[in-house]
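S.K.:
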Amino acid sequence: MIDRKLGRFLQQGLSIHVGTRDESLNPTGARAAAAIVEPGGQHLVVYVAEAAAARLLENLRSNGQIAIGFGRPEDERACQVKGMVLDIREAEASERATVEGQWQGLMEQFARIGIPPAVAAGWTYWPAQAIRVKVTAVFEQTPGPQAGTPLA
-12 MIDRKLGRFL QQGLSIHVGT RDESLNPTGA RAAAAIVEPG GQHLVVYVAE
38 AAAARLLENL RSNGQIAIGF GRPEDERACQ VKGMVLDIRE AEASERATVE
88 GQWQGLMEQF ARIGIPPAVA AGWTYWPAQA IRVKVTAVFE QTPGPQAGTP
138 LA
């Protein structure tokens, strides 16, 4: 599903938003701090700060449906990954460096487009919940004529 080139893009430190819905189809979302594509590209793990995750996790546990939007602020390159949640757990201490590295990558992206670090200084990214997802579809979301087309 996710090839190596796309995997490198997804793991560089992007603006990541996780979305789901409740039983009445009301949307719920939260910012994610990082994502890891597992070998083979069929699964990924997305990390959401515990402070922002309560309603999101409740809905994910209820219906398992997830959409993850990835965007690179400096050029608006974007894609959306859809899938089914396989597991939700507390992120481990050994994962913290990866999460912090990708979060720092996002902060560097913000700086390149003129957003000062103080704007995001209060945003929480740790401790985090690790959400493991079976990827079912990937879509191009970069603005332009290819937006919405399947990538996988």
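Be aware that the sequence shown starts at -12, since it is given in my numbering, and climbs by one per residue.
Ideal Cβ placement from N, Cα and C applies to all residues, glycine included.
Treat the numbers as computed from the prediction; the structure is a model and nothing was measured.
(1) Which ranges would you report for the alpha helix (DSSP H) in the segment 71 to 118 if only whole runs of at least 4 residues count?
(2) Would you say A124 and P132 are within 9 Å of each other, going by their C-beta atoms?
(3) Are V32 and R18 closer than 9 Å when you measure CB to CB?
(4) Whose CA, out of A98, E77, Q67, Q52, lies closest to the CA of P60?
(5) What does F57 pair with, by DSSP beta-bridge criteria?
(6) Smallest Cα separation from T9: which of G(-6), R48, M71?
(7) State the DSSP-derived secondary structure class of E127, mapped to helix, strand or coil.
(8) Assign A139 to one of three DSSP states: helix, strand, or coil.
(9) For the alpha helix (DSSP H) containing L31, list its first residue and its last residue.
M.R.: According to the structure shown:
(1) 83 to 99, 104 to 107
(2) For the purposes of this step, residue 124 is identified with residue 137 of the sequence shown, where counting begins at 1. For the purposes of this step, residue 132 is identified with residue 145 of the sequence shown, where counting begins at 1. Not in contact: A124 and P132 (Cβ atoms no closer than 9 Å).
(3) Counting from 1 along the sequence shown, the entry for residue 32 is found at position 45. Counting from 1 along the sequence shown, the entry for residue 18 is found at position 31. Not a contact, by the Cβ cut-off of 9 Å.
(4) Taking the sequence shown and counting its residues from 1, the one referred to as residue 60 is at position 73. The residue with the shortest Cα to Cα distance from P60 is A98.
(5) Numbered from its first residue, the sequence shown carries residue 57 at position 70. In the DSSP output, where bridge partners are listed per residue, F57 has I3, C66.
(6) Taking the sequence shown and counting its residues from 1, the one referred to as residue 9 is at position 22. In the sequence under discussion, the amino acid at residue 9 is Asp, which differs from the Thr named in the question. That would be R48, whose Cα lies nearest to the Cα of D9.
(7) Taking the sequence shown and counting its residues from 1, one reaches residue 127 at position 140. Correct three-state label for E127: strand.
(8) Along the sequence shown, one-based indexing puts residue 139 at 152. Coil at A139, not helix or strand.
(9) Against the sequence shown, residue 31 aligns to sequence position 44. No alpha helix (DSSP H) contains L31, which is instead part of the beta strand (DSSP E) from 30 to 36.
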